[in-house]
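Here is the structure we will look at, set down as structure tokens.
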Amino acid sequence: MTAAPVGIHHEPTSTFQIDQSVETLRSRAADWSAVPIERKIEYLRAVQGGTLAVAHDLVAEAMAAKGVSERVAAEDWLSGPIIILRTLRFLIETLESIRRTGRVPIEDRDVSVRSDGQVVVRVTPADIYDRILYRGWEADVWMEPDLARPDLLDHTGGIYTKPETASPGVAVVLGAGNVISIGALDVIQKLFVEGKTTILKHSPVNDYGGPYVERAFADLIADGYLRTAYGGTEVGGVLVGHPAVDEVHITGAAASHDAIVFGPGEEGSARKARNEPLLTKPITSELGNVSPVIVVPGAWKTRDLQYQAEHLATQMLMNGGFNCNAAKVVVMHRAWGQREEFLDHLRAVLMSFPPRPAYYPGAEARFDRFVGSHPSVEILGVRSEGYVPPALLMDVDAGGDHPAFGEESFCSVSAVTLLDGDDPADFLTRAVAFCNERLNGTLNATVVVDPATAESIAPSLDAATAGLRYGAVGVNLWGGAAFALGTTPWGGIPGQPLDDIQSGRGFVHNARLFDRPQKTVIRAPFRIVPKPPWFVTHRNPHRVFPKLAAIEEAPSLARVPGVILASLLG
């Protein structure tokens, strides 16, 4: 296997072409706002069919571009067509409900109010397919704390239940280069949730996906509601600064966001220090995160240690570690008697994987910088040109100012830090404070706790899920899974100012059209049997995920046994 080629697959879009595209979108903005809900559902169904039609070719293209095998490329089914199809399915269901009943499909039994008055809505399981295929999973969307229960329905449905809030306009989406679904999902957000005609600029890293997105969204392009563009920062600058563009959305690094908002270089840094943005247009963003995994001490069986080691390795290795939700800091109890045994299992899992090309630009330099920043490093593989293995920065001082706490490595390098605690509850309280105060980012965090310990520290565990200042918190489930469920809004926790943006502003993947979400809390059993097909250690994901994509596009109980059987072979 050779290192994957990285570079622009399409010529940059010219300024003339951009002007033409934006002029078309501007001329169609008011018309899009007036398109009836029935027609928008038709558009969404067309995108559904188009996405499934291109899915095999798109994943094959990603496999070739990243230089990985079919089994590894199966992750691009999950983070590509499957999440797009799942989000579309639930968004269609939401719009169909609004069309029939005038309201979002939220049942009273799915709404609860916490002791502090915060309103919570259960969104997973959403149907019989979730109950079968994601057995034991639960996902709750917590509303902003000042939203009272009687006002919940008044703050769902967005422009469909409150048409007076619609504001026609043109949005530019600056797509991410790491995950092929992100640009398409951001387009769905802008067009169908916020009501803006949209131009999507593909990242040069994965612009091979552009033609497939264009085929899937062909009807919207033909009718003048969507346009696409190619190129790097120069093209992005033209789009952001275009006088006919009303707002901006970016998925990427905080540094890219700051360069857009405050300008590049030293002058931009000075403006940021004074909080004097150059960009006056509204901007939303989904940015990086030093994602923590808090391992609560307990009495674990050997199979639990192995399972959770595979779970953590998945969070480190999926997509080569080039994910904003990848596990970057493992927080452990210093006195946990099984700590080294767990780490030995993790080392073994990480060492078992063949090298994969470091396709994302700058990965090798970041790897070398991070492993050179700490005296105790375990490199779990062979470093060679074009490849970076997993690595653990061991015993990073929790009270220090290590780069791993302030910047995501954006490759498979993670830090392990140890905290004291009189007992599991005390440790967890300290871990929450550490994550909130010492780690950069507000996107997602994960807590791993065995059932007996969870029961014994239930009040502390509840306080931890409430207290973690992240837009997604996973309990025994990678917090990053909220990215993929469609009904769980995805984004940094609200409230970040532009000059300290952390993981960004705004939410995407919001198929239930919540106006004021604060965070998502997802839960799963401590150990899932059979092994989840999204684990990087599963032997058969390339046979599971195409079958799962077909269910997400057109649900059928007749298709479920095929998914289950393929999963059992993992």
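The sequence shown begins at 99 in the working numbering and counts up by one.
All C-beta atoms in this analysis are idealised placements derived from N, C-alpha and C, irrespective of residue type, glycine included.
Every value quoted in this text rests on a predicted model; they were computed, and no experiment measured them.
Whole-angstrom distance between residue 360 and residue 367, CA atom to CA atom = 7 Å
inquiry  = Taking the straight line between their C-alpha atoms, what separation do you get for residue 527 and residue 563?
reply    = 10 Å
message = Taking the alpha carbon of residue 369 as the reference point, which residue from 218, 597 and 381 has its own alpha carbon closest?
response = 597
inquiry  = Buried or exposed for residue 263, going by 16 or more other Cβ atoms inside 10 Å?
reply    = exposed
ask   = In terms of residue numbering, what span does the beta strand (DSSP E) encompassing residue 572 cover?
value = 570-573
ask   = For the stretch 324-364, which segments carrying the alpha helix (DSSP H) assignment without a break, of at least 4 residues, lie completely within its bounds, in sequence order?
value = 331-339 and 352-360
key: 8 Å Cβ shell around residue 319 - same chain, five flanking residues per side excluded   = 312, 325 and 326
task = Taking residue 298 as part of the beta strand (DSSP E), name the residues at either end of that continuous run.
result = 295-300
Simplified DSSP state of residue 482, which is helix, strand or coil = strand
ask   = Less than 8 Å separating the beta-carbons of residue 513 and residue 542?
value = no
query = Within 10 angstroms of its Cβ, does residue 126 collect 16 or more other Cβ (buried), or is it exposed?
reply = buried
request  = Take the Cβ of residue 414 as the centre, count every other Cβ of all protein chains shown within 10 Å, and call the residue buried at 16 or more, exposed below.
outcome  = buried
request  = For residue 455, count neighbouring C-beta atoms within 10 Å of its own C-beta (all shown protein chains included) and say buried if the count is 16 or more, exposed if not.
outcome  = buried
ask   = Going by Cα to Cα distance, which pick from 430, 637, 536 and 614 is closest to residue 600?
value = 536
task = Write down every uninterrupted run of the beta strand (DSSP E) in the stretch 406-476 whose length is 3 residues or greater and which is fully enclosed by it, in chain order.
result = 425-431
request  = Assign residue 378 to one of three DSSP states: helix, strand, or coil.
outcome  = coil
query = Mapping DSSP to helix, strand and coil, what is residue 241?
reply = strand
query = Among residues of its own chain, excluding the 5 on either side of residue 398, which ones have a beta-carbon nearer than 7 Å to its beta-carbon?
reply = 436 and 548
Integer-rounded CB distance, given that residue 394 should sit under 8 Å from residue 525 = 7 Å
key: beta strand (DSSP E) segment containing residue 551, residue limits   = Unbroken run through residue 551 is the alpha helix (DSSP H), 549-554; no beta strand (DSSP E).
Close-in-space but distant-in-sequence residues of the same chain around residue 517 (CB under 7 Å, 5 per side omitted) = 429, 431, 432, 496, 525, 528, 529 and 532
message = If distances are taken between C-alpha atoms only, which option among 139, 143 and 179 comes closest to residue 648?
response = 179
ask   = So, do the stretch 605-613 and the stretch 283-302 have three or more beta carbon pairs nearer to each other than 8 Å?
value = yes
Range covered by the alpha helix (DSSP H) that runs through residue 490 = Counting along the chain, residue 490 falls outside any alpha helix (DSSP H), though it belongs to the beta strand (DSSP E) covering 489-491.
ask   = Between the beta-carbon of residue 612 and the beta-carbon of residue 239, is there less than 8 Å?
value = yes
message = To the nearest angstrom, how far is the alpha carbon of residue 584 from that of residue 241?
response = 17 Å
ask   = According to DSSP, which residues form a beta bridge with residue 544?
value = 391 and 572
query = Under three-state DSSP, which class holds residue 217?
reply = strand
request  = Grab me the residues of residue 475's own chain with a C-beta within less than 8 Å of its C-beta, minus the 5 sequence neighbours each way, in chain order.
outcome  = 469, 489, 490, 491 and 492
request  = Under 8 Å by Cβ, that's how I've got residue 486 and residue 462 pegged, so tell me the actual separation to the nearest angstrom.
outcome  = 6 Å
query = For residue 570, which residues of its own chain have a beta-carbon under 6 Å away from its beta-carbon, when the five flanking residues on both sides are left out?
reply = 542, 577, 580 and 618
key: Contact set for residue 575: own chain, Cβ-Cβ below 8 Å, skip 5 residues either direction   = 235, 544, 620, 621 and 622
ask   = Is the beta carbon of residue 591 less than 8 Å from the beta carbon of residue 515?
value = no
Neighbour-count burial assignment, residue 449, 16 or more Cβ in a 10 Å radius = exposed
task = With a threshold of 16 other CB atoms inside 10 Å of the CB of residue 616, please say whether the residue is buried or exposed.
result = buried
query = Are there 16 or more other CB atoms within 10 angstroms of the CB of residue 387, so buried, or fewer, so exposed?
reply = buried
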